[in-house]
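What follows is one structure encoded as structure tokens, with my remarks underneath.
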Amino acid sequence: MNALTTASAPGKIILFGEHAVVYARPAIAVPVCQVHADAAVEPWPEPDVRIDAPDIARQYHLSDAAPDDPIASIIRLTCARAGAEAKHFAIRIHSTIPVARGLGSGAAVSVAVARALLEFLHYSAGAEEISALAYEVEKLYHGTPSGIDNTVIAFGLPVYYVRGRPFESFRVGHPFRIVIADTGIASPTRIAVGDVRRAWEADTPRFESLFDGIGSIARAARTAIESGDIQALGPLMNANQKLAEEINVSSPQIETLVRAARDARAKGAKLSGAGRGGNIIALVDDHTETQVVAALRGAGAASVMVTEIT
Ligand code: PMV
Numbered sequence: 001m002n003a004l005t006t007a008s009a010p011g012k013i014i015l016f017g018e019h020a021v022v023y024a025r026p027a028i029a030v031p032v033c034q035v036h037a038d039a040a041v042e043p044w045p046e047p048d049v050r051i052d053a054p055d056i057a058r059q060y061h062l063s064d065a066a067p068d069d070p071i072a073s074i075i076r077l078t079c080a081r082a083g084a085e086a087k088h089f090a091i092r093i094h095s096t097i098p099v100a101r102g103l104g105s106g107a108a109v110s111v112a113v114a115r116a117l118l119e120f121l122h123y124s125a126g127a128e129e130i131s132a133l134a135y136e137v138e139k140l141y142h143g144t145p146s147g148i149d150n151t152v153i154a155f156g157l158p159v160y161y162v163r164g165r166p167f168e169s170f171r172v173g174h175p176f177r178i179v180i181a182d183t184g185i186a187s188p189t190r191i192a193v194g195d196v197r198r199a200w201e202a203d204t205p206r207f208e209s210l211f212d213g214i215g216s217i218a219r220a221a222r223t224a225i226e227s228g229d230i231q232a233l234g235p236l237m238n239a240n241q242k243l244a245e246e247i248n249v250s251s252p253q254i255e256t257l258v259r260a261a262r263d264a265r266a267k268g269a270k271l272s273g274a275g276r277g278g279n280i281i282a283l284v285d286d287h288t289e290t291q292v293v294a295a296l297r298g299a300g301a302a303s304v305m306v307t308e309i310t
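Residue numbers (my numbering): 1 to 310.
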């Protein structure tokens with residue numbers, strides 16, 4: 001008899017390279033463990049699956065779920081992978097990751113559910129397999145996801161991601177701290193990604209060149225992080241933000257927070273994720289962290305947290 005199984009998955013931030021990563025340029029993302037999605041699976045006598053998601057005030061059965069329901073989808077995909085029937089269990093999901101803010105909430109829920117369910121079904125799977133399951137669900141949210149979110153969240157390690165290439169992590173030469181500040185604006189990834197796609201179609205040479213610029217920044221950032229040259233990261237973040245503005249994924253609210261962080265002596269600041277709303281990130285050190293956090297709160301950030309990249 002299967003017992004209760006639980007699993008968790010972290011949030012994430014993209015440090016460099018969002019959007020250009022969809023067009024096969026490299027990007028860098030890291031897990032953020034202060035926020036997480038948790039799933040718990042336990043036996044249930046009925047020939048169906050009970051899904052309990054109190055965060056979104058929903059309790060329903062798998063048999064009643066819409067075909068594109070993301071939770072139902074990861075349950076069906078995971079059971080199919082394990083060769084098990086999707087029935088006789090109840091699953092409860094809780095997440096502290098704000099939705100549609102570039103922190104990977106959708107991918108984290110998928111990874112937590114797949115992990116807990118595979119363990120419940122006694123099917124042993126590695127991060128690669130779990131990432132691939134979550135990627136299938138990402139397609140429902142995003143249309144054309146690069147795969148960076150499910151990868152960084154399933155592996156739980158810093159990732160240097162190039163679409164279509166095998167997982168690649170890298171060494172962090174010296175730990176550094178990032179402040180994450182929420183504009184308070186939900187921004188569905190699908191919309192920003194779709195707008196960039198249309199702009200790229202309308203002027204492909206210009207956008208290819210902007211994506212090349214972003215890709216070069218991500219490559220330089222990896223070298224800087226590996227060699228522990230944290231000072232170099234600030235200007236690279238600022239340069240990435242400038243290019244994000246040029247591809248039209250920034251917004252006045254993002255720029256207000258970015259400016260507040262820089263004015264408070266953050267070494268660099270940029271949007272993180274799809275943009276338009278969501279979170280900004282700022283590079284701080286022991287001398288500037290307190291004042292940058294205070295400045296971001298003062299500038300209207302809906303929430304502020306600090307994460308260390310090690
Ligand atoms: O899910 P978000 O908001 O972190 O956006 C993902 C990053 C994009 O590059 C904009 C899209 C993608 O699929 O990589």
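Note that the Cβ used here is the ideal one computed from N, Cα and C, for glycine as well.
Please state the DSSP three-state secondary structure of D68. One-based indexing of the sequence shown puts residue 68 at position 68. The answer is coil: DSSP assigns D68 none of H, G, I, E or B.
Between which two residues does the beta strand (DSSP E) holding A40 run? The sequence position of residue 40 within the sequence shown is 40, counting from 1. It spans A27 to P43 - the beta strand (DSSP E) in which A40 sits, taken as one unbroken run.
Identify the residues that DSSP records as bridge partners of T307: which are they? Position 307 of the sequence shown, counted from the first residue, corresponds to residue 307. BP columns for T307 point to I178.
Given a threshold of 16 other Cβ atoms within 10 Å of its Cβ, counted over all protein chains shown, does I56 qualify as buried or as exposed? One-based indexing of the sequence shown puts residue 56 at position 56. Looking at its Cβ environment, which holds fewer than 16 other Cβ atoms inside 10 Å, I56 is exposed.
CA-to-CA distance, E42 to V99, given in whole angstroms: Reading the sequence shown from its first residue, position 99 is the one you call residue 99. Reading the sequence shown from its first residue, position 42 is the one you call residue 42. C-alpha of V99 to C-alpha of E42: approximately 26 Å in a straight line.
Proximity winner among V306, K87 and G275, relative to T288 (alpha-carbon distances): Position 288 of the sequence shown, counting from 1, holds the residue named residue 288. For T288, the nearest C-alpha among the options comes from V306.
Out of curiosity, what's the CA-to-CA distance linking F207 and I214? Sequence index remark: in the sequence shown, residue 207 carries index 207 (1-based). Sequence index remark: in the sequence shown, residue 214 carries index 214 (1-based). Spanning the two alpha carbons is a distance of roughly 10 Å.
DSSP three-state call for D52: helix, strand or coil? For the purposes of this step, residue 52 is taken as residue 52 along the sequence shown, with counting starting at 1. Looking at D52 - three-state DSSP - the assignment turns out to be strand.
Opening and closing residue of the beta strand (DSSP E) in which A7 lies: Taking the sequence shown and counting its residues from 1, the one referred to as residue 7 is at position 7. From DSSP, the beta strand (DSSP E) with A7 extends over T5 to F16.
Span of the alpha helix (DSSP H), counted from its first residue to its last, around K242: Here residue 242 is taken as the residue at index 242 of the sequence shown, counted from 1. L233 to E246 is the extent of the alpha helix (DSSP H) around K242.
Is there contact here, the stretch 263-282 with the stretch 158-174, by at least three beta-carbon pairs under 8 Å? no
Please report the residue range of the beta strand (DSSP E) in which N2 lies. Here residue 2 is taken as the residue at index 2 of the sequence shown, counted from 1. Element bounds for N2: n/a, residue is neither H nor E.
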